[in-house]
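K.L.:
Pasting a structure here, questions to come.
In the working numbering, the protein residues as written are 3 to 278.
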C-alpha cells in the first residue's frame, strides 16, 4: 500500500487536509500517516522533563484524529499510522521520509500558514513546505473551493518533466477521481504556444495514456492572471503546477507564479517538483 503523509497540528487546516485526502484517496489503496511535531519542554527549577506528559497528550489527540478518519470513511479496517517527533515540523517530515516510503504529503493552508506552532515552534508558511519538502504536496485551502476534482488544470510547459514518474501523483489523482485534465501553457506568443503543444502531444500521450486530456495555449504576459481566469471559465476544481526553485536573479526580475498562487490560494493545489 502507498502511504500518504498528513502533518497534523490539530487545527482546522490539518482537519481540512485529512477530509480532502479521504475524498480523493481510497482507504483500500492507501495508508494514512498522521505526523505531529513538538518542542522539548523542561522545567528549569527542577530539571524534570515533561516530554512524557506531552507525548501522552499528543498520542491521545492523534488517536482522536484516527477515530475521525474511521468515522468519515466508514471503514474500521482503514490503515492509519500515528507518528510524532520532537523537532520542527519540516525536519520531522524529512526524518520520516528517510525511513518510510511516502507517495505524497497533504497539508492544509489558512491565510498562507500550514502549521500553527505551539509555544515552542513558530508558525510555518505554506510556501516553506513547498520549498523545503522534496516530495509532491497537495495543499488544501481551508476557505477554498473544496469538492471532488472532476476538472483538473495542469499549468506547465512540461519542460521540467523527465519521465512519467515525475507526474505520477497527478496521474493517480486524475484516475482516482475520474477527472478531466486540461493542460495549459501560457506565453507571450500564442502561435508559438500552439507549436509547443504540437511537439509535446506525443510526450503527453505517453505520460497520460488513456486519460481525457485537452491542451491549451494562452497568450499573455501575466501568467498568474491567465491561470485564474482559466480556472474560473472552465470551473476547474484543482490546479497542478511544477514548482521550480528560482535563482537570485530570477527572484529579483520577476515574481514567482508559484508564490502568487500561494498568496491567493482559491483551490486545492498539487505541486510537483521541476527536474533540472
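Beta carbons are placed, not taken as given, at the ideal position from N, Cα and C, and that holds for glycine. This structure is a prediction, so every number in the text was calculated from the model and none was measured.
(1) Which residue wins for smallest C-alpha separation from residue 224, given the options 209, 260 and 246?
(2) Does DSSP put residue 264 in a helix, a strand or coil?
(3) When you compare only the Cα positions, how much space is there between residue 174 and residue 146?
(4) Measure from the C-beta of residue 97 to each C-beta in chain C and report whether the shortest distance is under 8 Å.
(5) Out of curiosity, what's the CA-to-CA distance linking residue 89 and residue 182?
(6) Helix or strand or just coil, what does DSSP make of residue 208?
(7) Using DSSP's beta-bridge definition, name the partner residues of residue 166.
(8) Around the Cβ of residue 140, are there at least 16 other Cβ atoms within 10 angstroms (buried) or fewer (exposed)?
(9) Taking C-beta to C-beta, are residue 72 and residue 35 nearer than 8 Å?
(10) Taking contact to mean at least 3 C-beta pairs separated by less than 8 Å, is the stretch 8–20 in contact with the stretch 63–82?
(11) Here's a check: name, in chain order, each residue in its chain whose Cβ is nearer than 7 Å to the Cβ of residue 57, leaving out the five neighbours to either side.
(12) Can you list, in chain order, the residues of its chain with a C-beta nearer than 7 Å to that of residue 265? Leave out the 5 residues immediately preceding and following it.
P.N.:
Here's the rundown:
(1) For this step, residue 224 is matched to residue 222 along the chain shown. Looking at the Cα atoms, 260 is the closest of the given residues.
(2) The residue given as residue 264 occupies position 262 in the chain shown. In the structure shown, residue 264 sits in a helix (DSSP, three-state: H, G or I).
(3) In the chain shown, residue 174 corresponds to position 172, counting from 1. In the chain shown, residue 146 corresponds to position 144, counting from 1. For residue 174 and residue 146, the distance between alpha carbons rounds to 22 Å.
(4) Among the protein chains of the structure shown there is no chain C, as only one such chain exists.
(5) Your numbering for residue 89 matches position 87 in the chain shown. Your numbering for residue 182 matches position 180 in the chain shown. If I take the Cα positions, the gap works out to 40 Å.
(6) Locating residue 208 in the chain shown gives position 206, counting from the first residue. Reduced to three states, the DSSP call for residue 208 is helix.
(7) In the chain shown, residue 166 corresponds to position 164, counting from 1. Answer by DSSP bridge pairing: none, since residue 166 is not bridged.
(8) Numbered from its first residue, the chain shown carries residue 140 at position 138. Buried, by the Cβ-count rule.
(9) The sequence position of residue 72 within the chain shown is 70, counting from 1. The sequence position of residue 35 within the chain shown is 33, counting from 1. Result no, Cβ atoms of residue 72 and residue 35 do not sit closer than 8 Å.
(10) In this structure the stretch 8–20 lies against the stretch 63–82, because at least three pairs of beta carbons, one per stretch, are closer than 8 Å.
(11) The sequence position of residue 57 within the chain shown is 55, counting from 1. 86.
(12) The count along the chain shown starts at 1 and reaches residue 265 at position 263. The answer, listed in chain order, is 114.
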